[in-house]
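Visitor: Position one of the sequence shown corresponds to residue 1 (our numbering), numbered consecutively onward. Each residue gets a CB set at the ideal place from its N, CA and C atoms; glycine is no exception. Bear in mind the structure is a predicted one, so any value in this text is a computation, not a measurement.
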Amino acid sequence: MPTCLWGQIGKVMIRTVIIALPFVLVLPAFAFTFPAPISQAESGKVQCYQPNLEKKTCRSISGFSAAKDGGFSNPATILVQANPMITVHIVAPVTVKDGKTCGTIRQKDLDQALFSVDAAPASAEQGASLHDQLNAVYKDMIGHEVCVTYVPDGDGFIARGEIDGAPQPNGDQHMIWVAPTDGYHVGP
1 MPTCLWGQIG
11 KVMIRTVIIA
21 LPFVLVLPAF
31 AFTFPAPISQ
41 AESGKVQCYQ
51 PNLEKKTCRS
61 ISGFSAAKDG
71 GFSNPATILV
81 QANPMITVHI
91 VAPVTVKDGK
101 TCGTIRQKDL
111 DQALFSVDAA
121 PASAEQGASL
131 HDQLNAVYKD
141 MIGHEVCVTY
151 VPDGDGFIAR
161 GEIDGAPQPN
171 GDQHMIWVAP
181 TDGYHVGP
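1) Asn74: buried (16+ other C-beta within 10 angstroms of its C-beta) or exposed?
2) Determine contact between the segment 102 to 114 and the segment 143 to 158, defined as no fewer than three beta-carbon pairs at a distance below 8 Å.
3) Should Gly161 go down as buried or exposed, given a rule of 16 or more other Cβ atoms within 10 Å for buried?
4) Compute the distance between the beta-carbons of Met85 and Gly154, then report whether it is under 8 Å.
5) With a 10 Å radius around its C-beta and 16 neighbouring C-beta atoms as the bar for buried, classify Thr77 as buried or exposed.
6) Which same chain residues, not among the five before or five after Pro51, have their C-beta less than 6 Å away from its C-beta?
7) Considering Gln173, what are the terminal residues of the beta strand (DSSP E) in which it resides?
8) According to the Cβ coordinates, are Val96 and Ile38 closer than 8 Å?
9) On the three-state DSSP scale, how would you describe Glu145?
10) Can you tell me which of the three DSSP states Asn74 falls into?
11) DSSP three-state label for Gln126, please.
12) Who are the near neighbours of Ile163 in its chain, counting only those whose CB is closer than 6 Å to its CB and skipping five residues on each side?
13) First and last residue of the alpha helix (DSSP H) that includes Gln107?
14) Mind reading off the beta-carbon distance from Thr87 to Ser62? Whole number of angstroms is fine, and I expect it under 8 Å.
15) For Val151, count neighbouring Cβ atoms within 10 angstroms of its own Cβ and tell me buried if that reaches 16, exposed if not.
16) So, at 8 Å on beta carbons, what are the nonlocal neighbours of Leu134 in its own chain, with the 5 sequence-adjacent residues on each side left out?
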């Protein structure tokens, strides 16, 4: 993994994207019920990972919208680096099974990821470099299934990830559900 950009935050980035594979809820024209553990998404709430309640920031924000195939679209915006502030927005399909959200890491989702630098779209050169680094981080994970279980924890949940059924204990993250009107945003 290149250290120039992701040295200190590379592991956080991997953990965050795995958990966030799971911002905007778009209700479909057809009737649909959001099952547990993502039922709060039905009312427009999104997941705030690693929240800072004082600053109203999240290391990542992840949402769910219903897809016509019975699954969900899972857009996530993730803090990659604090200074300059770099974020990545990625959308991936997920399903709910056995009380977990699950999805497979796909190259096409990584290819369509959008980067921002200090709240502005990344330049073509920056985007190409960031995509190269993203691909390097995930090259061995393409095609693997990631599932997340949400365990109640005080005011929120602990999101526990697994890859191909193997628990990833170092990837646990605190998560709370927030409404868009609560004022939370991705930031350090």
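Guide: The structure says:
1) What you label residue 74 is simply residue 74 of the sequence shown in a count that begins at 1. So Asn74 ends up on the buried side.
2) yes
3) On the sequence shown, residue 161 is found 161 positions in, with the first residue counted as 1. Buried, by the Cβ-count rule.
4) Numbered from its first residue, the sequence shown carries residue 85 at position 85. Numbered from its first residue, the sequence shown carries residue 154 at position 154. The answer is no: Cβ separation not under 8 Å.
5) To locate residue 77, count along the sequence shown from 1; it is residue 77. So Thr77 ends up on the buried side.
6) Here the question's residue 51 lines up with position 51 in the sequence shown. Around Pro51: Cys58, Ile176.
7) Here the question's residue 173 lines up with position 173 in the sequence shown. It spans 173 to 178 - the beta strand (DSSP E) in which Gln173 sits, taken as one unbroken run.
8) The count along the sequence shown starts at 1 and reaches residue 96 at position 96. The count along the sequence shown starts at 1 and reaches residue 38 at position 38. Cβ atoms of Val96 and Ile38: closer than 8 Å.
9) Numbered from 1 along the sequence shown, position 145 holds the residue referred to as residue 145. Here Glu145 sits in strand by DSSP.
10) Start at 1 with the first residue of the sequence shown, and residue 74 comes out as number 74. Strand at Asn74.
11) One-based indexing of the sequence shown puts residue 126 at position 126. Here Gln126 sits in helix by DSSP.
12) Numbered from 1 along the sequence shown, position 163 holds the residue referred to as residue 163. Around Ile163: His144, Val146.
13) In the sequence shown, counting from the first residue as 1, residue 107 sits at position 107. Note, Gln107: alpha helix (DSSP H), 107 to 111.
14) Residue mapping note: residue 87 aligns to position 87 of the sequence shown, counting from 1. Residue mapping note: residue 62 aligns to position 62 of the sequence shown, counting from 1. That belief does not hold up - the Cβ atoms of Thr87 and Ser62 are roughly 13 Å apart, past 8 Å.
15) By 1-based counting over the sequence shown, the position of residue 151 is 151. It counts as exposed.
16) Residue numbering aside, residue 134 sits at position 134 when the sequence shown is read from its first letter. The answer, listed in chain order, is Val88, Leu110, Ala113.
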